[in-house]
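Enquirer:
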Amino acid sequence: MPTPSFVAPADREAVTSLLRAQLDALPARSPFYAEKFAEHGIKPAALVSLGDLAKFPFTTKEMLRQSQAAAPPLGRHAGTGLTEVIRVHASTGTTGKPSWVGVTRSDAAAWTEIVSRAFRTMGASKEDVVLHAAGLTLFVGGLPIRDALEDIGSTVIPIGTGASEKAVLALETLGVTALHSTPSYARYLAEYVRGLGRDPREFGIKKVFVGGEPGGGEPAFRARVEQEWGARVTEGLGNADMAPVIFGEAPGSGGMRFTGGRHVLVELIDPDSGEPVEAEPGATGELVYTSVDRQCCPLVRFRTRDRVKITGRAGDGAPLIRCVGRTDDMLIVLGVNVFPSAVRDLVQTKHPRTTGAVQIVLPSQGPRVEPPLRVEAEWGEDPGDREQLRHEIEALIRSRLSVRASVTLVPPGSLERSEMKSRLTRLADPERQL
Numbered sequence: 030m031p032t033p034s035f036v037a038p039a040d041r042e043a044v045t046s047l048l049r050a051q052l053d054a055l056p057a058r059s060p061f062y063a064e065k066f067a068e069h070g071i072k073p074a075a076l077v078s079l080g081d082l083a084k085f086p087f088t089t090k091e092m093l094r095q096s097q098a099a100a101p102p103l104g105r106h107a108g109t110g111l112t113e114v115i116r117v118h119a120s121t122g123t124t125g126k127p128s129w130v131g132v133t134r135s136d137a138a139a140w141t142e143i144v145s146r147a148f149r150t151m152g153a154s155k156e157d158v159v160l161h162a163a164g165l166t167l168f169v170g171g172l173p174i175r176d177a178l179e180d181i182g183s184t185v186i187p188i189g190t191g192a193s194e195k196a197v198l199a200l201e202t203l204g205v206t207a208l209h210s211t212p213s214y215a216r217y218l219a220e221y222v223r224g225l226g227r228d229p230r231e232f233g234i235k236k237v238f239v240g241g242e243p244g245g246g247e248p249a250f251r252a253r254v255e256q257e258w259g260a261r262v263t264e265g266l267g268n269a270d271m272a273p274v275i276f277g278e279a280p281g282s283g284g285m286r287f288t289g290g291r292h293v294l295v296e297l298i299d300p301d302s303g304e305p306v307e308a309e310p311g312a313t314g315e316l317v318y319t320s321v322d323r324q325c326c327p328l329v330r331f332r333t334r335d336r337v338k339i340t341g342r343a344g345d346g347a348p349l350i351r352c353v354g355r356t357d358d359m360l361i362v363l364g365v366n367v368f369p370s371a372v373r374d375l376v377q378t379k380h381p382r383t384t385g386a387v388q389i390v391l392p393s394q395g396p397r398v399e400p401p402l403r404v405e406a407e408w409g410e411d412p413g414d415r416e417q418l419r420h421e422i423e424a425l426i427r428s429r430l431s432v433r434a435s436v437t438l439v440p441p442g443s444l445e446r447s448e449m450k451s452r453l454t455r456l457a458d459p460e461r462q463l
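Using the numbering used here, read the sequence shown as starting at 30 and increasing by one per residue.
What follows is the structure in structure tokens.
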């Protein structure tokens, strides 16, 4: 079996040793994994080298939900009880019902190490004053990222979400040099500022760190954010059940590199067959994470549903990635896989004739959708001939994504905006006609 290629060569021996110890101890700590290993006839001793991890069964989000329902609050997969937990976060899925994620003191220290390494890679420094516009409640992108930025030495302004008025006040008075938010909120805040009759660039932000949803790596979307703020955009990628940020993009590198060190093991798999995929430039696949030393919520081969592409290699040979979408967001139109974020990126290329805001209207819950794909897009400040624009967008979607679309142009500001993650699809309202 191939060795997972996200592991730095210098770390392979240590990671192998740590993972063996984790797997050896797991059946005694976690009834979930004791049963899972027995069911699949696999013993921890089967891991001789890192490539042997592919012999072990996958863990899915639905399995974790069932585990917590069977043994609340943390689940049968948890490796510790609440007495050893210093903080509880939550992750959500397509149901919207939270799954609890317990963090011990050791887990929190590992998170801070991983995330601070990611943000250093993304360009954060102790000289930065960071407007931290992420949820500060249960969201793993809130308090843990604040901890990591403070570890770097940055000055953190924990503005949270739903506080755009206060965010502008901070921008006016505190010498903010960097913004951290979802890609959607970076756009939302720029629109909010322009609605006040001001130019976002006047605040002098130099860096925008984004994550939490696809979009930061979409060329047109990124170019729009950079133009609006006059700042450089870099992105990070993580997973609420594993660590808040596990990949970070160095400025100008063309992709995100793994920053999990010896705490997380990453595999790339074919999402259909489950077979390992070599992380070579041009390859695509789904990210799978394994906890190497996690105490409370250790996971083995956790399927993230994040689809990524290997964009190249860093100077030291480390693979670089872009997230192209999530499997649970993906639509299938006559056998063609379509990520809503890809549709948004195409509409963004028509700025300023469009605002870039877009929603895909589904007749029923996906993933399968009968053509044409129904798309609502806002026309922009200089749309020109709107009928011509509509035809151009339809032709662009057909040529780039190989699906037939029916585009309806709607007035600027009419599609839902979000201060967190943007919802790019919605179910058709029978009372509302396209």
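Ideal Cβ positions, reconstructed from N, Cα and C, are used throughout, including at glycine.
Return the residue from the list VAL390, LEU418 and GLU142 that minimises the CA-CA distance to GLU405.
Expert: Taking the sequence shown and counting its residues from 1, one reaches residue 405 at position 376. It is VAL390 whose Cα lies nearest to the Cα of GLU405.
Enquirer: In the DSSP output, what is ASP335 paired with across the bridge?
Expert: Taking the sequence shown and counting its residues from 1, the one referred to as residue 335 is at position 306. Partner(s): ARG355.
Enquirer: Nearest-angstrom Cα distance between LEU167 and LEU103?
Expert: Looking up residue 167 in the sequence shown gives position 138. Looking up residue 103 in the sequence shown gives position 74. Those two C-alpha atoms are separated by around 15 Å.
Enquirer: Give a yes or no on whether the C-beta atoms belonging to GLY131 and VAL144 are separated by under 8 Å.
Expert: As a working note, residue 131 is residue 102 in the sequence shown. As a working note, residue 144 is residue 115 in the sequence shown. No, these two residues do not count as a Cβ contact at 8 Å.
Enquirer: Count the other CB atoms, across all protein chains shown, that sit within 10 Å of the CB of GLU410; report buried if there are 16 or more and exposed otherwise.
Expert: Mapped onto the sequence shown, residue 410 falls at position 381. Its Cβ having fewer than 16 others within 10 Å, GLU410 is exposed.
Enquirer: Let me know the secondary structure DSSP gives VAL44 once reduced to three states.
Expert: As a first step, residue 44 must be located in the sequence shown, where it is residue number 15. DSSP places VAL44 in helix when its eight states are reduced to three.
Enquirer: Where does HIS420 land, buried or exposed, given buried means 16+ other C-beta within 10 angstroms?
Expert: Here residue 420 is taken as the residue at index 391 of the sequence shown, counted from 1. Exposed is the call here.
Enquirer: Expressed to the nearest angstrom, what Euclidean distance is found between the alpha-carbon atoms of GLU231 and GLY245?
Expert: Taking the sequence shown and counting its residues from 1, one reaches residue 231 at position 202. Taking the sequence shown and counting its residues from 1, one reaches residue 245 at position 216. So the two alpha carbons sit approximately 22 Å from each other.
Enquirer: Can you look up HIS420 in the DSSP assignment and give me helix, strand or coil?
Expert: Indexing the sequence shown from 1 puts residue 420 at position 391. In this structure, HIS420 counts as helix in the three-state DSSP scheme.
Enquirer: By a C-beta neighbour count over all protein chains shown, 10 Å radius and 16 as the cutoff for buried, is ALA308 buried or exposed?
Expert: Within the sequence shown, the letter at position 279 stands for residue 308. Classification of ALA308: buried, given that the 10 Å Cβ count is 16 or more.
Enquirer: Can you check DSSP and say which residues form a bridge with PHE276?
Expert: For the purposes of this step, residue 276 is identified with residue 247 of the sequence shown, where counting begins at 1. Paired residue(s): LEU266 and PHE287.
Enquirer: Quick check on the DSSP output: the alpha helix (DSSP H) that includes VAL7 runs from which residue to which?
Expert: The question about residue 7 has no answer, for the chain in this structure spans 30 to 463.
Enquirer: Short of 8 Å in beta carbon distance, which residues of its chain neighbour ILE361, apart from the five on each side in sequence? Order them along the chain.
Expert: Walking along the sequence shown from the start, residue 361 turns up at place 332. Taken in chain order, the residues that qualify are VAL367, GLY395, PRO396, ARG397 and VAL398.
Enquirer: Count the other CB atoms, across all protein chains shown, that sit within 10 Å of the CB of THR202; report buried if there are 16 or more and exposed otherwise.
Expert: Locating residue 202 in the sequence shown gives position 173, where the first residue counts as 1. Looking at its Cβ environment, which holds fewer than 16 other Cβ atoms inside 10 Å, THR202 is exposed.
Enquirer: Could you tell me which residues DSSP puts in a beta bridge with GLY182?
Expert: In the sequence shown, residue 182 corresponds to position 153, counting from 1. In DSSP, GLY182 forms no bridge with anything.
Enquirer: Between the Cα of VAL436 and the Cα atoms of LEU402, LYS126 and GLY311, which residue gives the shortest distance?
Expert: Position 407 of the sequence shown, counting from 1, holds the residue named residue 436. Selected option, being the one with the closest Cα: LEU402.
Enquirer: Buried or exposed: VAL77, going by 16 or more other Cβ atoms within 10 Å of its Cβ?
Expert: Translated into the one-based positions of the sequence shown, residue 77 becomes position 48. Burial call: exposed.
Enquirer: Tell me whether LYS90 sits in a helix, a strand or coil according to DSSP, three-state version.
Expert: For the purposes of this step, residue 90 is identified with residue 61 of the sequence shown, where counting begins at 1. Three-state result, LYS90: helix.
Enquirer: Taking the CB atoms as reference points, tell me whether VAL293 and ALA272 lie closer together than 8 Å.
Expert: Counted from its first residue, the sequence shown places residue 293 at position 264. Counted from its first residue, the sequence shown places residue 272 at position 243. Their beta carbons are under 8 Å apart, which means VAL293 touches ALA272 by this criterion.
Enquirer: Output the distance between the C-alpha atoms of LEU198 and ALA54, rounded to the nearest integer angstrom.
Expert: For the purposes of this step, residue 198 is taken as the residue at position 169 of the sequence shown. For the purposes of this step, residue 54 is taken as the residue at position 25 of the sequence shown. Those two C-alpha atoms are separated by around 51 Å.
Enquirer: Under three-state DSSP, which class holds SER443?
Expert: As a position in the sequence shown, residue 443 is number 414, starting the count at 1. Coil at SER443, not helix or strand.
Enquirer: Across which residues does DSSP place GLY314 in a beta bridge pair?
Expert: Against the sequence shown, residue 314 aligns to sequence position 285. VAL337.
Enquirer: Between the Cα of VAL262 and those of GLY241, ALA162 and LYS236, spot the shortest distance and give me the residue it belongs to.
Expert: In the sequence shown, counting from the first residue as 1, residue 262 sits at position 233. With distances taken between Cα atoms, VAL262 lies closest to LYS236.
Enquirer: Can the beta-carbon of VAL304 be found less than 8 Å from the beta-carbon of THR333?
Expert: Counting from one through the sequence shown, the residue named residue 304 turns up at place 275. Counting from one through the sequence shown, the residue named residue 333 turns up at place 304. The question names Val, yet the displayed sequence has Glu at residue 304. Not closer than 8 Å, so no.
Enquirer: Who are the near neighbours of GLU113 in its chain, counting only those whose CB is closer than 6 Å to its CB and skipping five residues on each side?
Expert: As a first step, residue 113 must be located in the sequence shown, where it is residue number 84. Closer than 6 Å at Cβ, skipping near neighbours: THR133.
Enquirer: Quick check on DSSP: helix, strand or coil for ARG342?
Expert: Sequence index remark: in the sequence shown, residue 342 carries index 313 (1-based). Strand.
Enquirer: Leaving out the 5 sequence neighbours to the left and right, which residues in its chain are closer than 7 Å to PHE85 when beta-carbon positions are compared?
Expert: Translated into the one-based positions of the sequence shown, residue 85 becomes position 56. Hits under 7 Å: ILE71, VAL329 and ARG330.
Enquirer: Tell me the DSSP secondary structure of LYS236 in three-state form.
Expert: Translated into positions along the sequence shown, residue 236 becomes position 207. Three-state DSSP puts LYS236 in a strand.
Enquirer: Have a look at ASP157 and GLU91 and give me their C-alpha separation to the nearest angstrom.
Expert: Indexing the sequence shown from 1 puts residue 157 at position 128. Indexing the sequence shown from 1 puts residue 91 at position 62. The alpha-carbon atoms of ASP157 and GLU91 are separated by roughly 40 Å.
Enquirer: For the putative contact between ILE350 and GLY311, defined by C-beta atoms under 8 Å, what is the C-beta separation to the nearest angstrom?
Expert: One-based indexing of the sequence shown puts residue 350 at position 321. One-based indexing of the sequence shown puts residue 311 at position 282. Between GLY311 and ILE350 the Cβ distance is about 12 Å, and since that is not below 8 Å, they are no contact.
Enquirer: Can you round the beta-carbon distance between ARG253 and HIS380 to whole angstroms, since I take them to be within the 8 Å contact cut?
Expert: Position 224 of the sequence shown, counting from 1, holds the residue named residue 253. Position 351 of the sequence shown, counting from 1, holds the residue named residue 380. Indeed they touch by this definition, with Cβ atoms about 6 Å apart.
Enquirer: Rounding to the nearest angstrom, what Cα-Cα distance links TRP129 and SER120 in this structure?
Expert: The residue you call residue 129 lines up with position 100 of the sequence shown. The residue you call residue 120 lines up with position 91 of the sequence shown. Approximately 7 Å between the Cα atoms of the pair.
Enquirer: Leaving out five residues on either side along the sequence, give the residues of the same chain with a beta carbon under 7 Å from the beta carbon of VAL321.
Expert: Residue 321 sits at position 292 when you count from the first residue of the sequence shown. Contacts found: VAL44, LEU47, LEU48, GLN51, ARG291, HIS292, VAL293 and LEU294.
Enquirer: Quick check on ARG261: does DSSP put it in helix, strand or coil?
Expert: Position 232 of the sequence shown, counted from the first residue, corresponds to residue 261. In this structure, ARG261 counts as strand in the three-state DSSP scheme.
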